[in-house]
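K.L.:
Which chain is which? The protein sequence lines are A and B, in order.
According to the UniProt record's numbering, the residues represented by the first sequence are 1 to 347, in order.
According to the UniProt record's numbering, the residues represented by the second sequence are 1 to 347, in order.
Ideal Cβ placement from N, Cα and C applies to all residues, glycine included.
Before anything else, here's the structure in question.
Protein chains: 2
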Amino acid sequence: MTREVKVAAAQVGAIHRDTPKTAVMSRLISLLHEAADSKVQLVVFPECTLTTFFPRHLLQAEELEAFFEHGEITDSPDVKPLFEVSKKLGIDIVLGYAERTPEGVGYNISIYFSAFESRILQKYRKVHLPGTKEPFKEPNATNQLEKRYFTPGDLGFPAFRAPGLVPDTVKKGTVQAGEITAGKGDPIFGMLICNDRRWSEAWRMYALKGAELIMFGFNTGGHMAHLWGGRKAMTPEQAKTEALFHSRLVQQSNSYMNACWSISSARCGKDDGKYDLIAGSAICDPEGHIVAEAQTEGDELISAVIDLEDCRQGKEKTFDFARHRRIEAYGLINQQAGVSEPELLEK
Amino acid sequence: MTREVKVAAAQVGAIHRDTPKTAVMSRLISLLHEAADSKVQLVVFPECTLTTFFPRHLLQAEELEAFFEHGEITDSPDVKPLFEVSKKLGIDIVLGYAERTPEGVGYNISIYFSAFESRILQKYRKVHLPGTKEPFKEPNATNQLEKRYFTPGDLGFPAFRAPGLVPDTVKKGTVQAGEITAGKGDPIFGMLICNDRRWSEAWRMYALKGAELIMFGFNTGGHMAHLWGGRKAMTPEQAKTEALFHSRLVQQSNSYMNACWSISSARCGKDDGKYDLIAGSAICDPEGHIVAEAQTEGDELISAVIDLEDCRQGKEKTFDFARHRRIEAYGLINQQAGVSEPELLEK
């Protein structure tokens, strides 16, 4: 038996500080049409897809708010056309953007819109915000002000089933709640955002809910390692290669260790002609092999037919959690955020 | 400032079912002398170094017990010479073996013997035991009976400081207990064993204690994926390549995500001329790059000068746990061992 879904990452190239959302929207819709031509069923867009990656700038309130979405995204005049096309083409989408709640809280959010149900099925708010609250003091450093503009996500890691993608799903009533349904039910999905992918806890939280596919967008500076002054001086080109190496490494290893497929989708290219973001959008299998990877640093659709049954080898053998995990030994993981070192020995 | 230590993995090739421990011992001592010639300060030997990897066999009590060490390992007539050479050469060693406690419990254990202090500084008992309690029913399958012969480790993940390796350590009294001492104190080490390396929780537990170097031995069958019947049929050669890919992947990614050096040491080659174990002993830096890797499938020493200060880039920036981890979102990780799936949606 197979449970195949055709999936894609829609990588999005440079978006400048003054690029209007409508211009971005027409590019996203164009990528969706390209996906439809290839019979893709699910497209993953990047993190903060609709605008330039504004946390690199220290902004005044008015410009800052223009980068956020206020109110229900499906009602937004700017973004609504994307959902209309999604429904018309029958393609589910994952979309990241900056959310301002009615209470005034800012989140870095990703939503899963189901074409089958014509609604948002699930929301995920980024838990691991990188960067700083205060701008860097170094005059040439590129800021990363996510900790200033966003609040850590309050929705946990909400796994969910996506209907309408796998035709041969189980009939209601033949599977008990809590039963392991690999090979039977609608696929189990999870969303992460960018920096979350470097944190094994985030992947594990979804895997503990049986996730078969984890999807995330990212904005990753290719120049950061250079500017942050690693011990080994790097050229900007070396720093970019290093950033891409780390991005691949954590996607491949966490897919393997959690026996799930993953899709990563990059915002990339040079925003404003100078802020360099790595590309490398990729689809990775549950054994840690990349099966499709972007070849450009611009708008690009990469796709693959993925069989969710390929997760079973890992989930039932090496990573059969119920048989192998030893939770009595993991206490510190959620009891202590930072480091507590063993005592210094007397000399 | 640098805190350099010259370290090595002493990979150990084929050991047959009837190979006496004294024959193994002379090979280990030979590797220690080779290490001394290169001014190595710390040598990591593999998992269950002293005998063939016996959990592949369903054994009667008498043969089984001969594979275990009874009583203090430093008093064992067979193994004592290794510690004598360690002291004489001034080389610390990590050694894995099968331990039978006075109470009759079997553990897969690894010890850290300090030449500087002439004693065992720390013990680690393997937490993540792979395999099964009952032998496989398939007539040609190679068993993995660790769950039958061993009890999961009861010592947690005990990080410790190793004295005598870094000459320029802090003087007693100038550092407060609990203070972050990166760059100041004796190095902070942790041990894992084989399958533990695939479990992100194990690495994280050490990283939460500031580990700068994590060391592990392994016995990894190159043929297992083949015999376990993955969905994609593989030749034995492909399965071995895949096993090595996974071994590298988890070492590199977990070193990066925990900002620590790591040393892996393989028992490898063809035990009894037919049980194929992967090699690939490796030293990996805190950014996830392998800096030394075994080139053979036999006895081989690989070494590198590692600077523990290279951990700081990760520990103080991307993986500054205190600033970035969100423990309120990690609840399930130690509350639930197995998988609990989201409910099936109605169709």
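If distances are taken between C-alpha atoms only, which option among A:Glu4, A:Glu103, A:Ile15 comes closest to Asp276 of chain A?
P.N.:
A:Ile15
K.L.:
Quick check on DSSP: helix, strand or coil for Ala207 of chain B?
P.N.:
helix
K.L.:
Output, in chain order, the set of chain A residues within a Cβ distance shorter than 8 Å of Ile333 of chain B.
P.N.:
Glu201, Arg204, Met205, Leu208, Ile327, Tyr330, Ile333, Asn334
K.L.:
In angstroms, rounded to a whole number, what distance separates the CA positions of Arg198 of chain A and Gln60 of chain B?
P.N.:
Taken atom to atom, the span from the alpha-carbon of Arg198 of chain A to that of Gln60 of chain B is near 46 Å.
K.L.:
Taking only beta carbons into account, state which residues of the region 238-270 of chain A come closer than 8 Å to chain B, listed in chain order.
P.N.:
Only those residues of the region 238-270 of chain A whose C-beta falls short of 8 Å from the nearest C-beta of chain B are listed: Glu242, Phe245, His246, Leu249, Val250, Gln252, Ser253, Asn254, Tyr256, Met257.
K.L.:
For Ala266 of chain A, which option in A:Lys39, A:Pro139, A:Val43 has the closest C-alpha, if you only look at C-alpha atoms?
P.N.:
A:Val43
K.L.:
Could you name the residues of chain B that Ala159 of chain A contacts, counting a contact when the two beta carbons are closer than 7 Å?
P.N.:
Neighbours of Ala159 of chain A in chain B, taken as residues at a C-beta separation under 7 Å, are given in chain order as Pro342.
K.L.:
Just the Cα atoms here: how many angstroms apart are Lys21 of chain B and Ala141 of chain A?
P.N.:
59 Å
K.L.:
Ignore the nearest five residues each way along the sequence and tell me which others in Phe68 of chain A's own chain have a CB closer than 6 Å to its CB.
P.N.:
Ala98, Arg100
K.L.:
What does a CB cutoff of less than 7 Å around Gly269 of chain B pick up in its chain, not counting 5 residues either side in sequence?
P.N.:
Gly13, Ala14, Leu277, Glu297, Gly298
K.L.:
Does the region 307-326 of chain B come into contact with the region 336-344 of chain B, if we say contact requires no fewer than three beta-carbon pairs (one atom in each stretch) closer than 8 Å?
P.N.:
no
K.L.:
Where Arg326 of chain B and Arg204 of chain A are concerned, what is the direct C-alpha to C-alpha distance, given to the nearest angstrom?
P.N.:
14 Å
K.L.:
Tell me which residue opens and which closes the beta strand (DSSP E) that Phe113 of chain A is part of.
P.N.:
106-114
K.L.:
What is the DSSP secondary structure of Gly269 of chain A, counted as helix, strand or coil?
P.N.:
strand
K.L.:
If I measure Cβ to Cβ from Asp285 of chain A and keep anything under 8 Å in the same chain, skipping five residues before and after, which residues do I get?
P.N.:
Ser255, Trp261, Val291, Ile306, Asp310
K.L.:
Would you call the region 242-256 of chain B and the region 207-223 of chain B touching, i.e. three or more CB-CB distances under 8 Å?
P.N.:
Look at the beta carbons and you see the region 242-256 of chain B touching the region 207-223 of chain B: at least three pairs across the two are nearer than 8 Å.
K.L.:
Is it buried or exposed, Gln122 of chain A, if we count other Cβ atoms within 10 angstroms and call 16 or more buried?
P.N.:
By the beta-carbon neighbour count (other beta carbons within 10 angstroms, threshold 16), Gln122 of chain A is buried.
K.L.:
For chain B, find out if any of its Cβ atoms is closer than 8 Å to the Cβ of Asp92 of chain A; answer yes or no.
P.N.:
False, the Cβ-Cβ gap to chain B never drops below 8 Å.
K.L.:
Which residues bound the alpha helix (DSSP H) around Leu89 of chain A?
P.N.:
Looking at the DSSP string, the run of the alpha helix (DSSP H) that includes Leu89 of chain A is 80-89.
K.L.:
Spatial neighbours of Ile120 of chain B within its chain, please: C-beta separation below 8 Å, excluding the five flanking residues on both sides.
P.N.:
Ile73, Thr74, Ile111, Tyr112, Phe113, Ser114
K.L.:
Let me make sure I understand the geometry here. Which of B:Ala282, B:Asn334, B:Ile193, B:Val85 has the alpha-carbon closest to that of Tyr124 of chain B?
P.N.:
Taking only the C-alpha atoms, the option nearest Tyr124 of chain B is B:Ile193.
K.L.:
Looking at the C-beta of Val127 of chain A, does it have a partner C-beta in chain B at a distance below 8 Å?
P.N.:
yes
K.L.:
DSSP puts Leu31 of chain A in a beta bridge; with which residues?
P.N.:
Bridge partners of Leu31 of chain A: none, in fact.
K.L.:
For a test of the three-state rule: what should DSSP assign to Cys48 of chain B, helix, strand or coil?
P.N.:
coil
K.L.:
For the region 310-322 of chain B, enumerate the residues whose C-beta is nearer than 7 Å to any C-beta of chain A, in chain order.
P.N.:
Asp310, Gln313, Lys317, Thr318, Phe321, Ala322
K.L.:
Is Val339 of chain B close to chain A, meaning its C-beta is less than 8 Å from at least one C-beta of that chain?
P.N.:
yes
K.L.:
Could you check which residue in B:Val40, B:Ile29, B:Leu31 has the C-alpha nearest to that of Lys6 of chain B?
P.N.:
B:Val40
K.L.:
Beta-carbon of Gly221 of chain A versus every beta-carbon of chain B: anything under 8 Å?
P.N.:
The beta carbon of Gly221 of chain A does not come within 8 Å of any beta carbon belonging to chain B, so the residue lies off that interface.
K.L.:
Beta-carbon within less than 7 Å of Gly178 of chain A's beta-carbon, same chain only, minus the 5 sequence neighbours each way: which residues are those?
P.N.:
Only weak support exists for where Gly178 of chain A lies, its pLDDT of 46 falling under 50; the coordinates are left without a value.
K.L.:
Buried or exposed, going by whether 16 or more other CB atoms sit within 10 Å of the CB of residue 419 of chain A?
P.N.:
Lying outside 1 to 347, the shown extent of chain A, residue 419 of chain A is not represented and no answer is given.
K.L.:
Run through the DSSP bridge pairs and tell me what Ala292 of chain B is partnered with.
P.N.:
B:Ile283
K.L.:
Over what stretch of residues does the beta strand (DSSP E) that includes Phe189 of chain B continue unbroken?
P.N.:
Segment 188-193, the beta strand (DSSP E) holding Phe189 of chain B.
K.L.:
Give the C-beta separation of Ser303 of chain A and Ala35 of chain A to the nearest angstrom, bearing in mind that I take them to be a contact with Cβ-Cβ under 8 Å.
P.N.:
Correct: roughly 7 Å between the Cβ atoms.
K.L.:
Can you give me the C-alpha to C-alpha distance between Gly96 of chain B and Lys137 of chain A, rounded to a whole angstrom?
P.N.:
49 Å
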